[in-house]
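Residue numbers (the working numbering): 28 to 232.
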């Protein structure tokens, strides 16, 4: 059976690198992946705070139907704004549908793995667009997503681990500067918005 060009492109540019980055993540963090359902991929400090973030995003949107930028569960009974909090709502939005068939612990772990895998994929896309060299670009994605910075923050700072949309924004902005088109501008804006929803720092700096 002959694959369509679109399917070949998706296999080559998304599925294959994603599978390879997942395999490398599993190898570099072994035996963590074998404890996916039993161990929180986080420490008991800021990691637990990010665990609460995911819980609150689901609680506010699905159960309470209230804006997630403010919670009554902190500084009760007055409540407190979460606008300055490292809420990383993008990850909360990912988790909401996952909680239909995963536990909160499993959903948290999925977000961590997703951030590493997609960080590699988007960095690979950026490198490939510039170099047109497949395997060197794959290695470039490895350097980006498996950096010491990433692993240093992996156990506690989900918002800092979630930098997978930075390379995508850089790629789309580069394309926009080269060949301005409305669709690319919209894509760059959405990618930057995803960065904002992960972490303010990355957007500002």
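All residues carry an ideal CB built from backbone N, CA and C; glycine is no exception.
field: Ranges of the alpha helix (DSSP H) found wholly within the segment 160 to 186, counting only runs of at least 4
entry: Fully contained in the segment 160 to 186 are the following alpha helix (DSSP H) runs of length 4 or more, in chain order: 161 to 172 and 175 to 180.
query: Which whole-angstrom value describes the C-beta separation of residue 171 and residue 146, a residue pair presumed to lie in contact below a C-beta threshold of 8 angstroms?
result: Right, their Cβ atoms sit about 6 angstroms apart.
message: Considering only heavy atoms of the ligand GTP, does any lie closer than 8 angstroms to the CB of residue 151?
response: Among the ligands in the structure shown, none appear at all, so the ligand GTP cannot be discussed.
message: For residue 117 and residue 140, what's the separation of their Cα atoms in angstroms?
response: The straight-line gap separating the alpha-carbon atoms of residue 117 and residue 140 is approximately 15 angstroms.
message: From the DSSP secondary-structure annotation, give me the bridge partner or partners of residue 97.
response: Beta-bridge analysis with DSSP links residue 97 to 108.
Closest by C-alpha distance to residue 44, when choosing among 120, 155 and 223: Comparing Cα positions, the closest option is 155.
query: What first and last residue would you give for the alpha helix (DSSP H) that runs through residue 158?
result: Residue 158 -> alpha helix (DSSP H) spans 131 to 158.
- prompt: Secondary structure at residue 34, three-state DSSP: helix, strand or coil?
  reply: Helix, per DSSP.
- request: Check residue 207 in the structure and name its three-state DSSP category.
  value: Secondary structure of residue 207 (DSSP, three-state): coil.
field: Close beta carbons around residue 200, own chain, < 6 angstroms, minus the five adjacent residues each side
entry: Result list for residue 200: 215, in chain order.
Cβ-Cβ separation, residue 232 to residue 143 (assumed contact under 8 angstroms), whole Å: Actually they are not in contact, since the Cβ atoms of residue 143 and residue 232 sit about 21 angstroms apart, beyond 8 angstroms.
- prompt: When the Cα of residue 66 is compared with those of 104, 134, 149 and 76, which residue comes out closest?
  reply: Looking only at 104, 134, 149 and 76, the smallest Cα-Cα distance to residue 66 is reached by 134.
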